[in-house]
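Numbering (this note's numbering), first residue to last: 551 to 749.
Backbone N, C-alpha and C define an ideal beta-carbon position, used for all residues, glycine too.
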């Protein structure tokens, strides 16, 4: 082998050694980058998985909460409907009372609403016709006992039942519908306690 060939062989050997070292170094760096990328991907996947689990838990909780709210709303609506039906039936029952019981109720209402003034009391034409004997005098006596007086009159269609008191042009609507409406909240509370004692 000539000197030139030796030099050439030496240069090739050095180049080969240098290339192998660079390849080995590049492989090491590539493995290190790959390991870092895998580690980062693992962290990201863990974060994504944790967020997905958290989102799923949150969605499940929201869905359960919405379902519970819907259930409670439906129960409340059903209870309110039942209470309204009971109150409507109570009003109907009062309107259908026999005359003695109905006029006892009316006498109690007059006792409650009459004022110590001079006025009129208007009854429906139907109630004027079926009014028991002596009832008109009983109403007048109730007014006198409170320090006032009442003149009985037949009302018009604005008095379907119950009565209307008139004092100096001011009317106090004591028809059954008006009294029921005025006391609706109080009666609803009482009916609710009767129907749903544990609520």
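If I follow the unbroken beta strand (DSSP E) through residue i, where does it start and stop?
i: residue 720; result: 720 to 724
Terminal residues of the continuous alpha helix (DSSP H) containing residue i?
i: residue 611; result: 553 to 645
i: residue 662; result: 649 to 663
Pick helix, strand or coil for residue i, following the three-state DSSP scheme.
i: residue 748; result: coil
i: residue 677; result: helix
i: residue 716; result: strand
i: residue 739; result: helix
i: residue 687; result: helix
i: residue 700; result: strand
i: residue 706; result: coil
Taking a contact to mean a Cβ-Cβ separation below 8 Å, would you say residue i touches residue j in this structure?
i: residue 659; j: residue 712; result: yes
i: residue 670; j: residue 703; result: yes
i: residue 654; j: residue 692; result: no
i: residue 625; j: residue 745; result: no
i: residue 726; j: residue 664; result: no
i: residue 682; j: residue 649; result: yes
Using a threshold of 7 Å, is the CB atom of residue i nearer than that to any non-hydrogen atom of the ligand SAM?
i: residue 740; result: Ligands are entirely absent from the displayed structure, and the ligand SAM is therefore not among its contents.
Touching by the beta-carbon criterion (3+ pairs, under 8 Å), the region 668 to 685 and the region 637 to 644: no
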